[in-house]
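Trainee: Handing you this structure, nothing more for now.
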Amino acid sequence: MIHTHKIKYLLVLLCLIPSIHGAGVKWEITRQWNETEEELFSEFISTIGKAVKSRKCFTTDQCLRSPIANPLFAKKNPSGLSEIFSDCADLPYVLRGYFAFMRGLPFVFPQGVTFYSPEIEQTRAEYYRAKAEYDRYSFWNRPREVRSRYKDLKDKLEDLLKDAGKDIRYSRSGNKITALKKIQGGENINSILDQIVGSVSTASFRVDASRFDQGSVFKDTYAIKLDRENLKPGTVLYDPAGHIALVSEVTDSGKIYLIDAHPDNSITYIAYGEKFSRSPVSRGAGFVNWRPYSYSNGNYRPVANKDLDGYALEQFYGYPENPYVDFRKAEYNFNGTEMDYYHFVRARLSLDGLSVNPIEEFAVALDDLCIDFKDRVDSVDKAVAAGLHDKKHPKALPENIYGTDGEWETYSTPSRDARLKASVREIYNTVREYLDPSLSSGLEVEYNGANLKGDLAKIFTAKTKSCKYSFKKSNGVSFQTNLKDSLQALFKLSFDPYHCIELRWGLSGDDLNTCSQSEDKWDWYREEQPLRNQIERDYSKFMGYELNELGSSGLGVRQSPQINIEELLY
117 MIHTHKIKYL LVLLCLIPSI HGAGVKWEIT RQWNETEEEL FSEFISTIGK AVKSRKCFTT
177 DQCLRSPIAN PLFAKKNPSG LSEIFSDCAD LPYVLRGYFA FMRGLPFVFP QGVTFYSPEI
237 EQTRAEYYRA KAEYDRYSFW NRPREVRSRY KDLKDKLEDL LKDAGKDIRY SRSGNKITAL
297 KKIQGGENIN SILDQIVGSV STASFRVDAS RFDQGSVFKD TYAIKLDREN LKPGTVLYDP
357 AGHIALVSEV TDSGKIYLID AHPDNSITYI AYGEKFSRSP VSRGAGFVNW RPYSYSNGNY
417 RPVANKDLDG YALEQFYGYP ENPYVDFRKA EYNFNGTEMD YYHFVRARLS LDGLSVNPIE
477 EFAVALDDLC IDFKDRVDSV DKAVAAGLHD KKHPKALPEN IYGTDGEWET YSTPSRDARL
537 KASVREIYNT VREYLDPSLS SGLEVEYNGA NLKGDLAKIF TAKTKSCKYS FKKSNGVSFQ
597 TNLKDSLQAL FKLSFDPYHC IELRWGLSGD DLNTCSQSED KWDWYREEQP LRNQIERDYS
657 KFMGYELNEL GSSGLGVRQS PQINIEELLY
């Protein structure tokens, strides 16, 4: 937990220390990471989060140049600092690297990653031995058994890597870091930030949480204990479904808020919940902190997991930890009460333990949802500004709509929309628990009124109608809508950037009259409905079907799930 008096002290201390950069963009290592630097980094992230929440900045570059979002360094930025780009995977390293540069600290980041499994590692080692033997001979005198062994191992390794998954970002058994960039001093910060963007992806985080903590190439983050001392602003969250975020706030009630970046360069403020997936320890999902290391004479020495007080694998093995159980069946016990993982995290972080006020919780959840939909306005508007709705629809969908590249990756919203639906589902299930004690998750509902359902209904009406946002329809006329209408159209919202904006927002009836698009785009919209009905993101399935194939592909679900909050309350 960050204490106010500590932050005031750190700010005063920072002001007393002259800037070591001025106009220069060359990295100088003058300090080591310690508790004071880590607390300052937490405050740095927390302040950016507050600015993003209040919509004072909308991109990483804007935030780092804003005195409101970045009071520590905005006025000390070197004059030669280039524009800073960041998408979701880059964000933690871009912000950590920028902070380290401004403070004169050492810094490392992954520059190479490959598929990992014990069998792959063993086969790879055998292959390299066979290749070394193969290379000792010329073509003319190479023994048949040497050629055969080399070819067999080469084929086996290729097959294993193929089976591990086509996309290393979603590998089945996790990855292994193969190279680390280690700052030595003298590097250009602009070049380093560019290298981060070019090197780091979500694959860099998909690494076994129990391994690779030593040696010259090490995992530079570690899995943490789920408590307020360790989970704090600056903590990284890895979602194995392909997303990264940074914790920016942990409230007194245990709610976690994060900042995340997107391929369109936007940065947003989001609440933690069931929309973030989990994984086995081999894929390393969940909350991680930055691994401490010392730097001396060009050498980086990492602190091992066993020597870190905050290291734990309870995110995978349950609490108390049971390493022999599948993470999906891991049990979580808080002060004698069994509960699921997400409620356990909340209870461990809350200053009130198991106690929740349903009125306050529901109001905050709807406010968070409002922020998410307003962020979606910005995302969809960028696709329209780029003119994708005027372009011809591609002949086929990407191989996977949730993880690809190019225009679809930058301007489509299937992952964002899936997280929105998961948030709505979580609120729906929480309201059900409030109204039916038999569905209790283990949290204690504190309500002193006479009509809980009625009070929740009043909040729903007030919050969903007052949460307003607008966009320009295809005819250029501004159209205002609200959270209530968007929730009704939740499974009609098109994630496809080639559709008109009316379909992107699920409009119907006369409101659709302004959408003038080719007939095949209407067909695409109808055939994509099963994918819109699906909340869970599946990165393993092939989705690159053409229009005439999509309907019979079996993708998605035919019926949208029942998560209508309004129907619960009226």
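Letter by letter, the sequence shown follows residues 117 to 686 of our numbering.
Cβ atoms here follow ideal geometry from the backbone N, Cα and C, with glycine treated the same way.
1) Assign asparagine 405 to one of two classes, buried (16 or more other C-beta atoms within 10 Å of its C-beta) or exposed (fewer than that).
2) Mark glutamine 238 as exposed unless 16 or more other C-beta atoms lie within 10 angstroms of its C-beta, in which case mark it buried.
3) By the three-class DSSP mapping on this structure, what secondary structure does valine 210 have?
4) Figure out for me which residue from Ser656, Lys192, Ser393 has the closest Cα to the Cα of isoleucine 284.
5) Compute the Euclidean distance between the alpha carbons of valine 561 and arginine 620, then round it to the nearest angstrom.
6) Looking at the structure shown, is valine 352 part of a helix, part of a strand, or coil, going by DSSP?
7) Between leucine 347 and glutamate 159, what straight-line distance do the alpha-carbon atoms span, to the nearest angstrom?
8) Between the alpha carbons of threonine 529 and proline 613, how many angstroms are there, rounded?
9) Rounded to a whole number of angstroms, what is the C-alpha to C-alpha distance between lysine 498 and asparagine 381?
10) According to DSSP, simplified to helix, strand and coil, what is histidine 459?
11) So serine 598 packs on cysteine 583, CB below 8 Å; how close in whole Å?
12) Taking C-beta to C-beta, are leucine 342 and valine 461 nearer than 7 Å?
13) Give me the Cα-Cα distance between glycine 290 and tryptophan 638, rounded to the nearest whole angstrom.
14) Could you give the residue range of the alpha helix (DSSP H) that holds phenylalanine 595?
15) Suppose you measure from the CA of isoleucine 386 to the CA of aspartate 488; what does that come to, to the nearest Å?
16) Check histidine 137 in the structure and name its three-state DSSP category.
17) Since lysine 298 and tyrosine 416 are thought to touch, with beta carbons under 8 Å apart, how far apart are those beta carbons, to the nearest angstrom?
18) Below 8 Å on the Cβ atoms is my guess for lysine 292 versus threonine 230; work out the distance and round it to an integer in Å.
19) For aspartate 442, is the classification buried or exposed, using 16 other Cβ atoms within 10 angstroms of its Cβ as the cut-off for buried?
20) When we look at the beta-carbon of arginine 548 and count the other beta-carbons within 10 Å, is it buried (16 or more) or exposed?
21) What is the DSSP secondary structure of isoleucine 145, counted as helix, strand or coil?
22) Kindly provide the ranges of any beta strand (DSSP E) runs that are 3 or more residues long and lie completely inside the stretch 295-365, ordered along the chain.
23) Just reading off the alpha helix (DSSP H) that threonine 245 is part of, what are its end residues?
24) Less than 7 Å between C-beta atoms, sequence neighbours within five positions excluded: which residues of the same chain meet that for serine 170?
25) Which stretch, first to last residue, makes up the beta strand (DSSP E) that contains lysine 584?
26) Check leucine 609 in the structure and name its three-state DSSP category.
Mentor: In short:
1) buried
2) exposed
3) helix
4) Ser656
5) 38 Å
6) strand
7) 13 Å
8) 8 Å
9) 10 Å
10) helix
11) First, the residue type needs correcting, since residue 598 is asparagine and not serine in the sequence shown. Correct: roughly 6 Å between the Cβ atoms.
12) yes
13) Cα-Cα distance, rounded: 39 Å.
14) According to the DSSP assignment, phenylalanine 595 belongs to no alpha helix (DSSP H) but to the beta strand (DSSP E) extending over 594-598.
15) Distance between the alpha carbons of isoleucine 386 and aspartate 488 is about 7 Å.
16) Confidence in histidine 137 is poor, its pLDDT being 44 and thus under 50, which makes the residue's placement too unreliable to answer from.
17) 5 Å
18) 6 Å
19) exposed
20) exposed
21) Correct three-state label for isoleucine 145: coil.
22) 337-339, 352-355
23) The question names threonine, but residue 245 is arginine in the sequence shown. Arginine 245 -> alpha helix (DSSP H) spans 234-251.
24) none
25) 584-588 is the extent of the beta strand (DSSP E) around lysine 584.
26) coil
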